[in-house]
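Residue numbers (this note's numbering): 535 to 735.
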C-alpha cells in the first residue's frame, strides 16, 4: 500500500531525503514545489497527494533556474526515499517544467519568487512552496486545459476573487495564445460564477 502524502508525511519525507543527501555528500539543492504538495504544506487545502512537483530550482544567488533535468544524485536519492517509505518511484518529479512547453520554460507569474515560503531541512536541502496567488494561476490554467475535477476543487478551495482570476487568466493566455483557449477560459469562469472576470478577457 502506497503512502499518501499529508502535511506530516511531507515533512518526514523531505527530512529523510535531506538526511540521505547528507550521507551521500550531494551538492546542496533548493527545490521550488507547486501542485498538491504546496497546497498541503502551506495550509491552503487539507488533502493528500502522491507526489511533489518541482516547478523550478533556486541557485545560490536566489535566482530561479530550470529543473530540467533534475540532478541525477537527487533523483537516485529520491528513489531510495520512495523504496523506504512506500512512495511512487517518481514521487519527486519535474513534470510541470520538464520540457520546452513547461510552466518554467513558458514563463512564471510575475513576482512568484516574492510569494514563496520555504523551509531548510538541512545543509543540502531547502524546499520552497509557491503561494496562494500562484496556485490560482496554475490551477486555473490546468482546469481550463484538462477539465480535471481535482484542479477545479483545488481552485474552489482557494476562493479566488474576480481580480485574481482575471490576472490568472491573462497569464494563462500567454501560454496558450489561441482564440479557442480564450473562449475556454471565459466559459470556465462563467461556470465558476465569475462572469465579470470572464467578460473582461
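Positions of the beta carbon are idealized from the N, C-alpha and C atoms, including for glycine.
Asked                                                                                                                                                 : Found
Spell out the partners DSSP gives residue 586 in its beta bridges.                                                                                    : 626
Could you check whether the Cβ of residue 590 sits closer than 8 Å to any Cβ belonging to chain B?                                                    : Checking the listed chains, one finds no chain B in this structure; it contains a single protein chain.
By Cβ distance, which residues of its chain are closer than 7 Å to residue 655, with the 5 residues on each side in sequence left out?                : 548, 549, 552, 661
With residue 653 as the anchor, note down where its beta strand (DSSP E) starts and where it stops.                                                   : 651-656
Could you round the C-beta distance between residue 571 and residue 586 to whole angstroms and report it? I think they count as a contact, below 8 Å. : 4 Å
Between the alpha carbons of residue 594 and residue 582, how many angstroms are there, rounded?                                                      : 31 Å
Is residue 639 near residue 631, with beta carbons less than 8 Å apart?                                                                               : yes
In angstroms, rounded to a whole number, what distance separates the CA positions of residue 726 and residue 634?                                     : 30 Å
Which of helix, strand or coil does DSSP assign to residue 712?                                                                                       : coil
Apart from the five residues on each side of it in sequence, which residues of its chain come closer than 8 Å, Cβ to Cβ, to residue 623?              : 613, 616
Counting pairs of Cβ atoms below 8 Å between the segment 664-680 and the segment 700-707, do you hit three or more?                                   : yes
Quick check: residue 620 and residue 557, are their CB atoms within less than 8 Å of each other?                                                      : no
Taking DSSP as the reference, what is the three-state secondary structure of residue 728?                                                             : coil
Exposed or buried, residue 611, counting other C-beta atoms within 10 Å across all chains shown (16 or more means buried)?                            : buried
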